[in-house]
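Asks: Listed in order, the protein sequences are those of chains A and B. All residue numbers for the first sequence refer to my numbering, where the first residue is 1 and numbers rise by one. All residue numbers for the second sequence refer to my numbering, where the first residue is 1001 and numbers rise by one. First the structure, which I've put down as structure tokens, then a few questions once you've had a look.
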Amino acid sequence: MILPEVNWAAVMPSVILTVVGITVLCWELWMKEQDRKYLAWLSLAGVAGAALFSYTLWGRNESAFNGMLALDAYALFFNLIICLATGMTVLMSRHYVENNELPAGEYYALLLFAAVGMMLMAAATDLIVIFLGLETMSMAVYVLTGIRRQNVKANEAALKYFLLGAFASGFFLYGVALVYGVTGSVKLGEVATYISTHFSDGAGSPMLLAGMVLLIVGFGFKVAAAPFHAWAPDVYEGAPTTITAFMAVGVKAAAFASFVRVFLLSFGALHGQWEAILWALAVLTMIVGNLTALVQDNIKRMLAYSSIAHAGYLLVAMVAGGELGGAALMYYLVAYGLMNLGAFAIVVAVGKKGEPNEEFNDYAGLGFRYPGLAMMMTIFMLSLTGIPPLVGFTGKFYVFSAAVKAGYIWLAVIGVLNSVVSAYYYIRVVVTMYMQEGEKQVEPLSTRPALATAIVAATVGTIMVGVLPAKPMALARHSFASLQKPAQTASSTPKKDQAATSTPTATAPSKTPHH
Amino acid sequence: MADGKGRMAYGSDDTPESERSERAISHQANDESLGNGIMVPIHYHLMLSAVLFTIGALGVLLRRNTIVIFMSVELMLNAVNLSFVALARQWGSMDGQLIVFFVMAVAAAEAAVGLAIILMVFRNRETVNADELNLMRW
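See the structure below:
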């Protein structure tokens, strides 16, 4: 009997997070009330450990667990984005959890478990593993959304998220079943081989196309693309602000990671079939997100619609496809992560216990009384709008130029027009802060050093990655290129594993001996 | 378990495509030659699964009690399970059957989380009617 190939390295970052998560959960039982703050530092150490481990794995391109997971630069790149989102969320949460009297042990443990699910999604090369990662992530986030149990808005948000999330999982799973029915496999590599040999004309069969559309519904829900976005504003508004930040960045990044892997890898041969659907989704998502954001009075809700709009820009990059589009998408996720985490961190900073201060009016006059805070918020808002030289501009530049180069000129034009519209509601925050009178008092950041660190880190990232985009973009390109190397699915048995990593051409010989 | 070995081999990545579909066909033929009654054709199962899935989806969209909505979601998942089992038979592979176990585990976990959330809402609002949960709109 041949033992299946395991390759623990591929799951080590997730294992680290799981172990730390369980430790956090158990430790909280024995610890004194005033020691709760160490839970945040322990979680942060776990996230840093996972990020470091992912970094040391860089350059490897192998498969793991009998072809169910991939250990490639693409997965590792997303691991780093997920660690960034989780780490920043932990920093933001340090005082937020204490001030709002949230259960610290459960909170940090669930945060880490959600990150594990995200990493699984990013690395999975098997539709069922993607489903499991998706559910691991979602269930942790459902609970986190409703963790303020006495808050009726949070209750409602958690219930809506749960019901619609489970509904969307049902569609996703049915999509998997149909794809399995046509191709006889749920492994992305085998699905791709089947499609390229049996449907080489790119037409597909009705059952396969139905499965593909159902998968689009499932993923579209998780990335909050219109018309599957209805849950997003309510959930983002009702969830604790720190969790909103985590959802907006982490969940979206993980969902896009496997969305792109499934569609560019498995359904690459059917590109002609899904590109029109995604084209329409991208346009609709951008327009719905931006237009609805215009009329919001709650900053969290405005940022929720803005994140819907950004999902639209990311879909543009995905439609453009190819090496440029893929790399632009990954770069944009980093950019979006940095500026969005920063913006939400400011919302956390402005809020107080029992006084969320989430309305636009609450920001009036902040510019005079808290110049530093207001300046950093301005930077995030300008970056979200896409003003050079900030990271939001560079990201949009890459996305739209990829679209133009791939021949989707109209898509790029609609995207740019949408960016112009978005300027209205982002600049409105700046105008409110600097040109209106207000008396709101904010607790000084010096009493919340962890939060201050997160905000400053996001600001530095927003400026530096925008001014010096070459290195992150090169990394994104390299990572995306690893997605299409055959080594990923070729190494089928442990013996051939070493050969496959050094020579990507091992695909051909590995198939012949069986005949 | 005459083809037990063949199934094991299918688990690895490198089973050639042609061989696999041949096996699926021979597997079916084999069953019929055994003469154990009439085989229900695969598309009957798939149609039943599709109908159940549609009933579930309509239930989510039309019903207003969140517990009934949740039950409809479970119906959708189980409809998919039926598809997986039928397709596993069709392909002569264990993958589909294994997937069903995972889906059942996920559904159980989902039930635990979901019912807890519904209970939490009921404690604070004393209602589980989706129409009355409208604090946030637009």
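C-beta: ideal position from N, C-alpha, C; glycine also. On a predicted model such as this, the values are computed, not experimentally measured, just so you know.
Kindly list the residues whose CB is nearer than 8 angstroms to the CB of E1132/B, restricted to its own chain and excluding five residues on each side of it in sequence; keep chain order.
Replies: Taking the second sequence and counting its residues from 1, the one referred to as residue 1132/B is at position 132. In the same chain as E1132/B, and ignoring 5 residues on each side of it, the C-beta atoms closer than 8 angstroms to its own belong to R1125, in chain order.
Asks: CB-CB under 6 angstroms to G367/A, same chain, minus the five flanking residues each way: which ones, in chain order?
Replies: Within the first sequence, residue 367/A is the residue found at index 367, counting from 1. Cβ neighbours of G367/A beyond the five flanking positions: A374, M433 and Y434.
Asks: Are the Cβ atoms of T462/A and M339/A separated by less than 7 angstroms?
Replies: Walking along the first sequence from the start, residue 462/A turns up at place 462. Walking along the first sequence from the start, residue 339/A turns up at place 339. Yes, the pair counts as a contact, with Cβ atoms nearer than the cut-off.
Asks: Count the C-beta pairs between the stretch 1105-1112 of chain B and the stretch 201-216 of chain A that are closer than 8 angstroms, then say yes if the count reaches three, no if not.
Replies: no
Asks: Work out the CA separation of F256/A and Y332/A for me, nearest whole Å.
Replies: For the purposes of this step, residue 332/A is taken as the residue at position 332 of the first sequence. For the purposes of this step, residue 256/A is taken as the residue at position 256 of the first sequence. Going from the Cα of Y332/A to the Cα of F256/A covers about 11 angstroms.
Asks: Going along the chain, which unbroken runs of the alpha helix (DSSP H) with 4 or more residues stay wholly within the stretch 78-150 of chain A?
Replies: 104-123 and 127-145
Asks: Would you identify the three-state DSSP class for S521/A, choosing helix, strand or coil?
Replies: For residue 521/A there is no data in the structure shown, the boundaries of chain A being 1 and 515.
Asks: Based on Cα-Cα distance, which residue from K187/A, A230/A and S169/A lies nearest to I216/A?
Replies: Residue 216/A sits at position 216 when you count from the first residue of the first sequence. Closest option to I216/A, Cα to Cα, is S169/A.
Asks: Tell me the rounded alpha-carbon separation between G312/A and L284/A.
Replies: As a first step, residue 312/A must be located in the first sequence, where it is residue number 312. As a first step, residue 284/A must be located in the first sequence, where it is residue number 284. Cα-Cα distance, rounded: 8 angstroms.
Asks: Relative to the C-alpha of T125/A, which candidate in T136/A, G354/A, L144/A and V186/A has its C-alpha closest?
Replies: For the purposes of this step, residue 125/A is identified with residue 125 of the first sequence, where counting begins at 1. Of the candidates T136/A, G354/A, L144/A and V186/A, the one whose C-alpha sits nearest the C-alpha of T125/A is V186/A.
Asks: Name the residues in the stretch 1111-1138 of chain B whose C-beta lies less than 7 angstroms from a C-beta of chain A; which are they?
Replies: Residues of the stretch 1111-1138 of chain B with a C-beta atom less than 7 angstroms from some C-beta of chain A are V1113, G1114, I1117, I1118, M1120, V1121, N1124, R1125, L1133, L1135 and M1136, listed in chain order.
Asks: What residue range does the beta strand (DSSP E) around L71/A cover?
Replies: Working through the first sequence from its first residue, we reach residue 71/A at position 71. From DSSP, the beta strand (DSSP E) with L71/A extends over L69 to L71.
Asks: Between H1043/B and L1082/B, which are expected to be in contact by the criterion C-beta below 8 angstroms, what is the C-beta distance as a whole number of angstroms?
Replies: Within the second sequence, residue 1043/B is the residue found at index 43, counting from 1. Within the second sequence, residue 1082/B is the residue found at index 82, counting from 1. Not confirmed; about 13 angstroms, so no contact.
Asks: According to DSSP, is M12/A part of a helix, a strand, or is it coil?
Replies: Your numbering for residue 12/A matches position 12 in the first sequence. Helix at M12/A.
Asks: When DSSP builds the beta bridges, which residues end up paired with E355/A?
Replies: Sequence index remark: in the first sequence, residue 355/A carries index 355 (1-based). DSSP lists K352/A as partners of E355/A.
Asks: Quick check on K471/A: does DSSP put it in helix, strand or coil?
Replies: Indexing the first sequence from 1 puts residue 471/A at position 471. DSSP places K471/A in the helix class (H, G or I) of the three-state scheme.
Asks: With respect to the alpha helix (DSSP H) encompassing S228/A, which residues constitute its N-terminal and C-terminal limits?
Replies: Here the question's residue 228/A lines up with position 228 in the first sequence. According to the sequence as given, residue 228/A is Phe; it is not Ser. Neither: F228/A is in no alpha helix (DSSP H) and is coded neither H nor E.
Asks: For P469/A, count neighbouring C-beta atoms within 10 Å of its own C-beta (all shown protein chains included) and say buried if the count is 16 or more, exposed if not.
Replies: Taking the first residue of the first sequence as position 1, residue 469/A is located at position 469. Looking at its Cβ environment, which holds 16 or more other Cβ atoms inside 10 Å, P469/A is buried.
Asks: How would you label A490/A, buried or exposed, when you count the other beta carbons within 10 angstroms and need 16 or more for buried?
Replies: Position 490 of the first sequence, counted from the start, is the residue given in the question as residue 490/A. Model confidence at A490/A stands at a pLDDT of 39, short of 50, so the residue's coordinates are unreliable; what they give is reported in the following sentence. With 16 or more other Cβ atoms within 10 Å, it is buried.
Asks: What does the alpha-carbon distance come out to for the pair V235/A and V6/A?
Replies: In the first sequence, counting from the first residue as 1, residue 235/A sits at position 235. In the first sequence, counting from the first residue as 1, residue 6/A sits at position 6. Taking the straight line from one Cα to the other gives about 38 angstroms.
Asks: Could you name the residues of chain A that I1067/B contacts, counting a contact when the two beta carbons are closer than 8 angstroms?
Replies: Mapped onto the second sequence, residue 1067/B falls at position 67. Using a Cβ-Cβ cut-off of 8 angstroms, I1067/B is close to nothing in chain A; its nearest Cβ partner there is about 10 angstroms away.
Asks: State buried or exposed for F1101/B, treating a residue as buried only when at least 16 other CB atoms are found within 10 Å of its CB.
Replies: The residue labelled residue 1101/B in the question sits at position 101 within the second sequence. F1101/B should be labelled exposed.
Asks: Report the residues of the stretch 153-176 of chain A with a CB closer than 7 angstroms to any CB of chain B, ordered along the chain.
Replies: K153, N155, E156, A158, L159, F162, L163, A166, F167, G170, L173 and Y174
Asks: Helix, strand or coil for R1123/B per DSSP?
Replies: Counted from its first residue, the second sequence places residue 1123/B at position 123. In this structure, R1123/B counts as helix in the three-state DSSP scheme.
Asks: Give a yes or no on whether 7 angstroms exceeds the smallest Cβ distance from D1013/B to chain A.
Replies: Position 13 of the second sequence, counted from the first residue, corresponds to residue 1013/B. Reliability of the predicted coordinates at D1013/B is poor, the pLDDT of 46 falling under 50, and the value obtained from them is presented with this limitation in mind. Yes, D1013/B lies at the interface with chain A (some Cβ there is under 7 angstroms from its Cβ).
Asks: Please specify which runs of the alpha helix (DSSP H), each continuous and at least 4 residues long, are wholly inside the stretch 151-230 of chain A, giving them in chain order.
Replies: 152-183, 188-198 and 206-222
Asks: Report the CB separation of L127/A from V179/A in whole angstroms; it is logged as a contact under 8 angstroms.
Replies: The count along the first sequence starts at 1 and reaches residue 127/A at position 127. The count along the first sequence starts at 1 and reaches residue 179/A at position 179. 7 angstroms between Cβ atoms; contact.
Asks: Judging by CA-CA distance, which residue of T394/A, E359/A, G250/A and M68/A is the nearest neighbour of K471/A?
Replies: The residue labelled residue 471/A in the question sits at position 471 within the first sequence. With distances taken between Cα atoms, K471/A lies closest to T394/A.
Asks: To which residues does DSSP link N361/A through a beta bridge?
Replies: The residue given as residue 361/A occupies position 361 in the first sequence. None; N361/A has no bridge partner.
Asks: Answer yes or no: does any C-beta atom of chain A fall closer than 7 angstroms to that of F1053/B?
Replies: Taking the first residue of the second sequence as position 1, residue 1053/B is located at position 53. So yes, F1053/B belongs to the interface.
Asks: Give the range of the alpha helix (DSSP H) segment to which R1089/B is assigned.
Replies: For this step, residue 1089/B is matched to residue 89 along the second sequence. Counting along the chain, the alpha helix (DSSP H) containing R1089/B begins and ends at T1066 to W1091.
Asks: Exposed or buried, S446/A, counting other C-beta atoms within 10 Å across all chains shown (16 or more means buried)?
Replies: As a first step, residue 446/A must be located in the first sequence, where it is residue number 446. Classification of S446/A: exposed, given that the 10 Å Cβ count is below 16.
Asks: Take A343/A as the anchor and find which of A327/A, L39/A and S306/A has the nearest alpha-carbon.
Replies: Residue mapping note: residue 343/A aligns to position 343 of the first sequence, counting from 1. The shortest C-alpha separation from A343/A is found at S306/A.
Asks: Under the rule that 16 or more other beta-carbon atoms within 10 Å means buried, what is E437/A, buried or exposed?
Replies: For the purposes of this step, residue 437/A is identified with residue 437 of the first sequence, where counting begins at 1. Classification of E437/A: exposed, given that the 10 Å Cβ count is below 16.
Asks: Is there a C-beta anywhere in chain A that falls below 7 angstroms from the one on F1101/B?
Replies: Within the second sequence, the letter at position 101 stands for residue 1101/B. So no, F1101/B is outside the interface.
Asks: Once you ignore the five residues that flank A1057/B on each side, which residues in its own chain have a CB closer than 7 angstroms to its CB?
Replies: Along the second sequence, read from residue 1 onward, the residue named residue 1057/B stands at position 57. M1076.
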